[in-house]
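Protein sequence lines correspond, in order, to chains A and B. 1 is the number of the first residue of the first sequence in this note's numbering; add one for each residue after it. 1001 is the number of the first residue of the second sequence in this note's numbering; add one for each residue after it. All C-beta atoms in this analysis are idealised placements derived from N, C-alpha and C, irrespective of residue type, glycine included.
2 protein chains.
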Amino acid sequence: MNIRVGIVGYGNLGRGVEAALRQNPDLELVGIFTRRAPEAVKTYDQHVKVLHVDMVREFVNDIDVMILCGGSATDLPVQGPYFSSLFNTVDSYDTHAKIPDYYAAVNEPAVANGKTAAISIGWDPGLFSMNRMLAEAVLPQGEEYTFCGRGVSQGHSDAIRRIDGVRKAVQYTVPVETSLEKVRNGETPQLCTRDKHTRECFVVPEAGADQEKISHTIKTMPNYFDQYETSVTFITDEEFTKNHDRMPHGGFVIRSGQTGKAATQKQIIEFSLKLESNPEFTASVLVAYARAVYRLNSEGQIGAKTVFDIPLAYLSGRTGEELRREML
Amino acid sequence: MNIRVGIVGYGNLGRGVEAALRQNPDLELVGIFTRRAPEAVKTYDQHVKVLHVDMVREFVNDIDVMILCGGSATDLPVQGPYFSSLFNTVDSYDTHAKIPDYYAAVNEPAVANGKTAAISIGWDPGLFSMNRMLAEAVLPQGEEYTFCGRGVSQGHSDAIRRIDGVRKAVQYTVPVETSLEKVRNGETPQLCTRDKHTRECFVVPEAGADQEKISHTIKTMPNYFDQYETSVTFITDEEFTKNHDRMPHGGFVIRSGQTGKAATQKQIIEFSLKLESNPEFTASVLVAYARAVYRLNSEGQIGAKTVFDIPLAYLSGRTGEELRREML
């Protein structure tokens, strides 16, 4: 029997989940729930049911896991607690500083209603967190480094777009290769902000805009850019569409530790991602955790869970026996 | 209260465990058990108790977890089932093809005696297996590549040492950089044996040995070397001691997958290790899992477990709350 899945929210992430579900034959998409007029939503598969989110209560017996694809700023703080009182859920809540509050807000209704909710799933928080934690547990004496990119930062791109005279803009966060190499060589350097990342900005200006001024405004913008080596390149609309209309991202989590009698042997653990589509990858992680959440709930493991709490075997469609035979 | 740990076997791995325990203040070494005469064993810390392995039954109430540091060929098939009937255990059983049998052989006595046994812990099997499994679950459409090295292969080094005229020898397995790059670029190439690794051999010959003949014997040795690009370098005893007397290792697990509507977006997940000391790193992983095994057993989760079955949180000395606040 397939695991029956619903999607709440149909932006880039929701579309990614729809696509990811097609690669997982044991999961079945029951419907997409949206705040928009359902008939205005164009799904990849035109046979998929699209419903207004107000209809969701009618599906409590038809959906095993609801994947919440809203944003962390305003959607999930409301949707997480609400949906986890009705369904098993998976979400990608990623406001690191507020995770403890969010955990509590989701855990209570989930426990009260016998549901299981996997929160803060994706790659950071998510796969990166797992690797940070695992590497620290294995190499307690050491330093941890997280590098972001090369990838699009939505926040920084937005900040540029708010500048007068900017029509379109994208900002790539790029790890500093020489710093990465130092870390990989086990040098455990002290890295300040500008040692870790540079910022590359590509801007389509309005006709007649003062490019000098835009460039200066970007490079001196407090916190966003002033502490970084920043480059600004002005491009045409055509070039923007051709080369900068995607959402690549990625990054590196590296732990550089020391072991042995005198703790002199260098040991490096590195985990990295190189993603052509950030939302589609996050969606793929959410879908694997939908499988896990269903199984946990079937076994009576209820409440809010994070990547730290869920055994990896639950993510796989394979049996424990198969995993030991073929993957160990 | 500290978790009380014992070590069975005091070779490179056992020594690594002794050293790793010193980096984990919540774990306490109770004693080392050996088949040798205890007084002949020189430990890092001279205050550590060394006992004959026949004494082990007297410690069933004093040791929470026994870390088994024997080899997979002959030690663990006997020790795993025996010790898991008396103690919670962790081992590094690494004969991939026989893991299902080993699992069964350890699981039965562990369950019968209410013990928890983490088997096949280390990096391959172990951390590499976790990453293979996780990456496949997240990116079901894709290809997985495991590269070994740069590191010492004991089996290949032994094979060279058995050749007439060879006094000392070490063999490094080296990943082929151009193949690694293809995989990282998402090209999903079909790689045959010689595309993935080369073999570098460093040999100290006996005085007057026929170097030409040794070199030919190595390069044509069936299975071990004949399918690989192999280099043989003759060196002096001094150089061997200076540069080749360590046990570095490492490797790469890379999954190259595709996501999205038409599965055209390339997504790369890479996990890699660069280890100056293979046994010390494996020992560090065993020690983290000793913590996990103790906790699982305290919660009544008994029987044989692998890296797929154990939530990551159990490996860390931090509380769930701390992990969510600081590591997620």
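Sequence-distant residues of its chain with Cβ nearer than 8 Å to residue i (five each side left out)
i, result
"residue 41/A", "10, 32, 34 and 50"
"residue 1236/B", "1204"
"residue 1003/B", "1026, 1027, 1028, 1064, 1065, 1290, 1291 and 1294"
"residue 259/A", "139, 141, 265 and 267"
"residue 30/A", "4, 5, 6, 49, 59, 62 and 63"
"residue 189/A", "179, 182, 183 and 195"
Alpha-carbon spacing of residue i relative to residue j, whole angstroms
i, j, result
"residue 152/A", "residue 1016/B", "42 Å"
"residue 70/A", "residue 76/A", "6 Å"
"residue 1294/B", "residue 1272/B", "28 Å"
"residue 178/A", "residue 191/A", "11 Å"
"residue 331/A", "residue 299/A", "No statement about residue 331/A is possible, as the shown extent of chain A runs from 1 to 328 and does not include it."
"residue 1207/B", "residue 1218/B", "18 Å"
"residue 1186/B", "residue 1278/B", "29 Å"
"residue 1006/B", "residue 312/A", "28 Å"
"residue 173/A", "residue 149/A", "5 Å"
"residue 254/A", "residue 269/A", "6 Å"
"residue 85/A", "residue 22/A", "27 Å"
"residue 1247/B", "residue 1170/B", "10 Å"
"residue 1214/B", "residue 1233/B", "11 Å"
"residue 308/A", "residue 210/A", "50 Å"
"residue 227/A", "residue 67/A", "37 Å"
"residue 45/A", "residue 1328/B", "34 Å"
"residue 1239/B", "residue 1275/B", "21 Å"
"residue 1103/B", "residue 1318/B", "29 Å"
"residue 1082/B", "residue 1036/B", "19 Å"
Proximal residues to residue i (C-beta, below 7 Å), its chain only, five neighbours per side dropped
i, result
"residue 1302/B", "1110, 1111, 1114, 1115 and 1116"
"residue 316/A", "323"
"residue 288/A", "315"
"residue 129/A", "307"
"residue 1176/B", "1195, 1196, 1197 and 1198"
"residue 1224/B", "1156 and 1159"
Boundaries (first-last residue) of the alpha helix (DSSP H) holding residue i
i, result
"residue 1259/B", "Segment 1249–1259 is the beta strand (DSSP E) holding residue 1259/B; no alpha helix (DSSP H) there."
"residue 98/A", "No alpha helix (DSSP H) holds residue 98/A; DSSP gives it neither H nor E."
"residue 218/A", "211–219"
"residue 1234/B", "Not the alpha helix (DSSP H): residue 1234/B falls in the beta strand (DSSP E), residues 1229–1234."
"residue 40/A", "No alpha helix (DSSP H) contains residue 40/A, which DSSP labels as neither H nor E."
Closer than 8 Å to chain A by CB, residue i
i, result
"residue 1190/B", "no"
"residue 1259/B", "yes"
"residue 1328/B", "yes"
"residue 1100/B", "yes"
"residue 1001/B", "no"
"residue 1132/B", "yes"
"residue 1077/B", "no"
"residue 1209/B", "no"
"residue 1058/B", "no"
"residue 1301/B", "no"
"residue 1184/B", "yes"
Nearest-angstrom Cβ-Cβ length linking residue i and residue j, presumed shorter than 8 Å
i, j, result
"residue 325/A", "residue 1100/B", "5 Å"
"residue 122/A", "residue 285/A", "5 Å"
"residue 146/A", "residue 251/A", "7 Å"
"residue 261/A", "residue 1019/B", "5 Å"
"residue 329/A", "residue 220/A", "In the structure as shown, chain A starts at 1 and stops at 328, and residue 329/A therefore has no counterpart that could be examined."
"residue 1334/B", "residue 1008/B", "Since the displayed chain B opens at 1001 and closes at 1328, residue 1334/B lies outside it and no answer follows."
Beta-carbon proximity list for residue i, same chain, < 6 Å, skipping 5 on both sides
i, result
"residue 280/A", "16"
"residue 72/A", "93, 94 and 95"
"residue 118/A", "90, 289, 293 and 305"
"residue 1134/B", "none"
"residue 337/A", "A question about residue 337/A goes unanswered here, because the residues of chain A that appear run from 1 up to 328."
Residue range of the unbroken beta strand (DSSP E) whose run includes residue i
i, result
"residue 1169/B", "1166–1175"
"residue 1268/B", "1265–1275"
CB contact check: residue i to chain B, cutoff 8 Å
i, result
"residue 150/A", "no"
"residue 310/A", "yes"
"residue 274/A", "yes"
"residue 125/A", "yes"
"residue 297/A", "no"
"residue 285/A", "yes"
"residue 103/A", "yes"
"residue 325/A", "yes"
"residue 13/A", "no"
"residue 47/A", "no"
"residue 120/A", "yes"
"residue 24/A", "yes"
"residue 44/A", "yes"
"residue 84/A", "no"
is_contact[residue i, chain E] using C-beta, thresh 8 Å
i, result
"residue 1146/B", "As a matter of chain content, chain E is missing from the structure shown, whose protein chains are A and B."
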